[in-house]
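Shown next, in C-alpha cells, is the structure this report addresses.
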Amino acid sequence: MKRRIPLLRVAMILAVLAGDAGAQIRGRPPAGYRPPVIAKVQVVFSLVTHYNSIPDRVAFYNNAGVPPGNTNYAVPHLVYEPRVTLYNPYPDELTLDKVRIRIWDPPVGFRFKKNGIYLRAPWETGSFDGLAQLQIANDHNPNARKYFTLLLRESHTGQAPVHPFTLQPGESREFGTWTESQWTWGLETQSAYSPRSFFDWNTSEDFTNRDPRTNNSFGSESCQVVDFRAGFQTDNLSSNADRPLATRYSFEITHGITGGWVTIKMTDTVAVESRAMRRVADATQPDFRISLLGGYVTAPNLDNYQELSFSVAPLVQPPTRSATDASVMRTYLVGDLLQAPSDNTPGGKTPFAVLTAAARTTSVVDGSLSRLEELDGNQHYDLRFDGVADFPQIPEIGTFESVPAVTEPTVLGVVRVGDELRVDFLAPDGAAPLKVTGGATPEDFGDDLSAVSWIIPAPHEASSGHRKTAIVDVSGMGPKYFVRIEEVD
696 MKRRIPLLRV
706 AMILAVLAGD
716 AGAQIRGRPP
726 AGYRPPVIAK
736 VQVVFSLVTH
746 YNSIPDRVAF
756 YNNAGVPPGN
766 TNYAVPHLVY
776 EPRVTLYNPY
786 PDELTLDKVR
796 IRIWDPPVGF
806 RFKKNGIYLR
816 APWETGSFDG
826 LAQLQIANDH
836 NPNARKYFTL
846 LLRESHTGQA
856 PVHPFTLQPG
866 ESREFGTWTE
876 SQWTWGLETQ
886 SAYSPRSFFD
896 WNTSEDFTNR
906 DPRTNNSFGS
916 ESCQVVDFRA
926 GFQTDNLSSN
936 ADRPLATRYS
946 FEITHGITGG
956 WVTIKMTDTV
966 AVESRAMRRV
976 ADATQPDFRI
986 SLLGGYVTAP
996 NLDNYQELSF
1006 SVAPLVQPPT
1016 RSATDASVMR
1026 TYLVGDLLQA
1036 PSDNTPGGKT
1046 PFAVLTAAAR
1056 TTSVVDGSLS
1066 RLEELDGNQH
1076 YDLRFDGVAD
1086 FPQIPEIGTF
1096 ESVPAVTEPT
1106 VLGVVRVGDE
1116 LRVDFLAPDG
1126 AAPLKVTGGA
1136 TPEDFGDDLS
1146 AVSWIIPAPH
1156 EASSGHRKTA
1166 IVDVSGMGPK
1176 YFVRIEEVD
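Reading the sequence shown from the start, the letters are residues 696 to 1184 in my numbering.
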C-alpha cells in the first residue's frame, strides 16, 4: 500500500527567518559562494607519555636517576585535537577550494597530579588552568588565550592537503589535522628544541594556527583522515618557576632539577581532572566561539564569514555527573600511556574527555546555519563535555539525535526559505523510493514535482530512522498550493 506524508499547505507554513543580532561579519565571500554547514566541532583531550628526548635530560636520567636509565621514566603530555564535520545542505554537489575553521578559547580547565599530589600549588585550593596556561610562557598568565585555525582541503595519497574537495548532497565529512604517514614522536622531536608541528610547548611557534611543514600561515593543514597518532600537545603540566617540592624526586631535588615538564617513573601515576568552564578573562568576549573563514585573507577578523558564539551556562553535562561534581577524573600508570619514539601507532595514548558542539538538525534544515552572519551558537548547537575511555567512542558523541522509529512517513518540521520549501521527515524501514507531488487542492495531487524537488539525507540520518530533508522549489505556485511526499508505486 502506498504510504504518504500528510499534505502540506504552502500558505500555512511560511516562516520569517530573522537574522540573529550580533556583530557585523567582516569577511566578503566571492560572488556565488555557498557555505558548508558546520555540523560538528570537537576537541578531543588525551594523555600520552614520552621518554625524555632533549639530550641533557636524557643524560641526567641515564646517569643520576634512581634507578638510572632514561627508559625507566616518561613525561606526561596533554594532547588536544580539534575535529570538524562539514555537511552539504544543498540539493546539488558542493565543491570548495578550501575552508578555514577557527576555534576560539576552548572552555575547558585542567589540573594534574603526580602520585596524588597536585603539580601546581593553586590547584590545591580548587582552581583550574586552561590550555593557554599550560605553555611555558603563560603558566602564570591568567589573560592568555588559545586558538586553533584549521585549513581544510583534500589530501591525495597521503601527501599534504592541497586539493579542493566535494560534498555530495546530504553528505557529511569529518576533518582532522593532517598527520604524515611516516610520523612518529622520534620524527617530531628529532631537532631537540624545534619540534616538527605538534609539540606545542612554545607559544612563538603558533603550531595550532600555522603549519611549518608547508609554510602555511592560513592554518594547520587538515584533511579527511581520522588519525590519532599525533595531535597538538604540551608537557608543561607543572609550573616552570615554582613547582611544588613534593612533586620532585629526592635525586631531582639534590641536583636542582625543576621546571614545568614532569618526569615520572613508569610505575608511578599521573592523574588529570578536567571540567567545562569559561577560560576568557576579557568580560566583553563570549565564553567560546567557532568561526567559518573563507581562506582568502590570513587575518581571521577580515576572513570571517560566519561566527558562532556560545555561553557555557547551558552546556549539556553527561547524566552520570551532577552539577556539583562536573569534573572528568582519570588516573593512569605512566608506563601504560607510553608512546615510544619509533612507534608508528598511538601507542598508549588514551583519551579522557571531549568537548563537542553539535548542530541541531532543525537549524540545518531551516537554513539557519547557511547564513553568513553572527549566530547564537547555543540556539543552534548542543554544547557538551563528556568523559571518554577510548577513541571509537568519540565520533558517536553529539552525532545522532534520538528520534522514534516510525511505520509511516512522519513530518518532523517544515519551513519555507525564500522559494524553497524544506521538509524534515522520517521514512520508515523498507520504504519504496519517494517522490514529491503537488496540486491546487488537497484532493488533487496530479502535479509531479520531481523536476523541482530533491530528497537528501538529513544530518545524523544514519541512526535516526532514515531521516531525510525534502527541498521543493515552490516559486510561482501561489498561496494555496499543496505538496505531498509519497512512495513511488
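From the three backbone atoms N, C-alpha and C, an ideal C-beta is built for every residue, glycine too.
Residue i beta carbon near the ligand COA (any heavy atom closer than 7 Å)
{"i": "ALA816", "result": "The ligand COA is absent from the structure shown, which contains no ligand whatsoever."}
Pair within 8 Å by beta-carbon distance, residue i and residue j
{"i": "PHE946", "j": "ALA759", "result": "yes"}
{"i": "ILE1180", "j": "PRO1104", "result": "yes"}
{"i": "ILE798", "j": "VAL736", "result": "yes"}
{"i": "PRO784", "j": "LYS841", "result": "no"}
{"i": "ASP1119", "j": "GLY1108", "result": "yes"}
{"i": "TRP896", "j": "VAL770", "result": "no"}
{"i": "THR879", "j": "ASN747", "result": "no"}
{"i": "GLY914", "j": "ARG795", "result": "yes"}
{"i": "THR844", "j": "PRO981", "result": "no"}
{"i": "GLY881", "j": "PRO1036", "result": "yes"}
{"i": "PHE807", "j": "LEU814", "result": "yes"}
{"i": "LEU781", "j": "SER867", "result": "yes"}
{"i": "HIS1161", "j": "LEU1121", "result": "yes"}
{"i": "ASP1114", "j": "ASP1168", "result": "yes"}
{"i": "VAL1101", "j": "PRO1123", "result": "yes"}
{"i": "GLU900", "j": "ARG908", "result": "no"}
{"i": "PRO1152", "j": "THR1056", "result": "no"}
{"i": "PHE893", "j": "ALA925", "result": "yes"}
Same chain, Cβ closer than 6 Å to residue i, neighbours up to 5 away in sequence not counted
{"i": "GLN854", "result": "none"}
{"i": "ALA1048", "result": "PHE740, SER969, VAL1023 and GLY1082"}
{"i": "ASP743", "result": "It should be pointed out that residue 743 corresponds to Val in this sequence rather than to Asp. These residues qualify, in order along the chain: HIS772, VAL774, LEU1032, GLN1034 and LYS1044."}
{"i": "THR861", "result": "GLU788 and THR790"}
{"i": "THR1262", "result": "It is not possible to answer for residue 1262, since the shown part of the chain is limited to 696 through 1184."}
{"i": "ASP792", "result": "PRO859"}
{"i": "PHE923", "result": "PRO1041 and PHE1086"}
{"i": "GLN863", "result": "GLU788"}
{"i": "SER1017", "result": "Confidence at SER1017 is low in this model, with a pLDDT of 48, below 50, so its placement is unreliable and no value can be given for it."}
{"i": "MET1172", "result": "none"}
{"i": "ARG1025", "result": "VAL967 and PHE1047"}
{"i": "HIS835", "result": "none"}
Of the listed residues the options, nearest to residue i (C-alpha basis)
{"i": "THR974", "options": "VAL957, ILE1166 and LEU829", "result": "Contrary to the premise, residue 974 reads as Arg rather than Thr in this sequence. Per the Cα distances, LEU829."}
{"i": "GLY727", "options": "VAL774, LEU1067, GLY825 and ARG1079", "result": "LEU1067"}
{"i": "ILE959", "options": "ALA941, ILE1092 and ALA976", "result": "ALA941"}
{"i": "GLN1074", "options": "GLY881, ALA1053, SER889 and ILE1092", "result": "ALA1053"}
{"i": "ASP1071", "options": "VAL1007, SER1037 and THR766", "result": "VAL1007"}
{"i": "ASN910", "options": "PHE927, ARG891, VAL1112 and ALA976", "result": "ARG891"}
{"i": "THR852", "options": "VAL920, TYR888 and GLU819", "result": "VAL920"}
{"i": "PRO1009", "options": "ARG1079, TYR991, ASN810 and PRO725", "result": "ARG1079"}
{"i": "TYR905", "options": "THR1056, ILE812, GLY825 and PHE927", "result": "The residue asked about is misnamed: residue 905 is Arg in this sequence, not Tyr. Out of THR1056, ILE812, GLY825 and PHE927, PHE927 has the C-alpha closest to the C-alpha of ARG905."}
{"i": "ASP751", "options": "HIS950, GLU776, ALA936 and ASN931", "result": "HIS950"}
{"i": "LYS1130", "options": "VAL1147, GLU1182 and GLN877", "result": "GLU1182"}
{"i": "ARG729", "options": "VAL761, SER1170, ARG778 and PRO786", "result": "PRO786"}
Boundaries (first-last residue) of the alpha helix (DSSP H) holding residue i
{"i": "TYR1027", "result": "Counting along the chain, TYR1027 falls outside any alpha helix (DSSP H), though it belongs to the beta strand (DSSP E) covering 1023-1028."}
{"i": "TYR756", "result": "750-758"}
{"i": "GLN1074", "result": "1072-1075"}
{"i": "GLU788", "result": "Here GLU788 belongs to no alpha helix (DSSP H), and DSSP marks it neither H nor E."}
{"i": "ASP946", "result": "Looking at the sequence shown, residue 946 is not Asp but Phe. Per DSSP, PHE946 belongs to the alpha helix (DSSP H) from 945-949."}
Same chain, Cβ closer than 8 Å to residue i, five either side skipped, listed in chain order
{"i": "CYS918", "result": "LEU847, ARG848, GLU849, SER850, PRO856, PHE870, GLY871 and TRP873"}
{"i": "SER1058", "result": "LEU1064, GLN1074, HIS1075 and TYR1076"}
{"i": "THR993", "result": "SER912 and PHE913"}
{"i": "TYR1027", "result": "LEU742, THR964, VAL965, ALA966 and THR1045"}
{"i": "ALA718", "result": "Only weak support is given to the placement of ALA718: the predicted model assigns it a pLDDT of 43, under 50, and the value that follows is read from those uncertain coordinates. GLU1002 and GLU1069."}
{"i": "GLY764", "result": "TYR756 and ASN757"}
{"i": "GLY1093", "result": "LYS735, GLN737, THR1051, ALA1052, ALA1053, ASP1077 and ARG1079"}
{"i": "PRO939", "result": "ILE812, TYR813, LEU814, ARG815, ALA816 and SER933"}
Range of the contiguous beta strand (DSSP E) that encloses residue i
{"i": "LEU1060", "result": "Checking the sequence, you will find Val at residue 1060 rather than Leu. No beta strand (DSSP E) holds VAL1060; the alpha helix (DSSP H) holding it covers 1056-1060."}
{"i": "HIS745", "result": "732-745"}
{"i": "ARG1066", "result": "From DSSP, ARG1066 is part of no beta strand (DSSP E); its letter is neither H nor E."}
{"i": "LEU773", "result": "768-782"}
{"i": "THR1132", "result": "1129-1134"}
{"i": "THR1040", "result": "No beta strand (DSSP E) holds THR1040; DSSP gives it neither H nor E."}
{"i": "ALA1084", "result": "Looking at the DSSP string, ALA1084 is not in any beta strand (DSSP E), and its letter there is neither H nor E."}
{"i": "PRO1152", "result": "1148-1152"}
{"i": "ASP1168", "result": "1162-1168"}
{"i": "ASP1119", "result": "1115-1121"}
{"i": "LEU1107", "result": "1105-1112"}
{"i": "ARG1179", "result": "1177-1182"}
Contact set for residue i: own chain, Cβ-Cβ below 7 Å, skip 5 residues either direction
{"i": "ASN999", "result": "ILE720, ARG721, GLY722, SER986 and LEU988"}
{"i": "THR929", "result": "HIS772, LEU773, LEU829, GLN830, ASP895 and TRP896"}
{"i": "VAL1147", "result": "VAL1167 and ASP1168"}
Q) Can you list the alpha helix (DSSP H) stretches of 4 or more residues lying completely in the segment 795-869, in chain order? A) none
Q. Can you list the beta strand (DSSP E) stretches of 3 or more residues lying completely in the segment 954-1015, in chain order?
A. 964-971, 983-988 and 999-1005
Q) Quick one: complete alpha helix (DSSP H) runs, 4+ long, within the segment 860-939? A) 880-883
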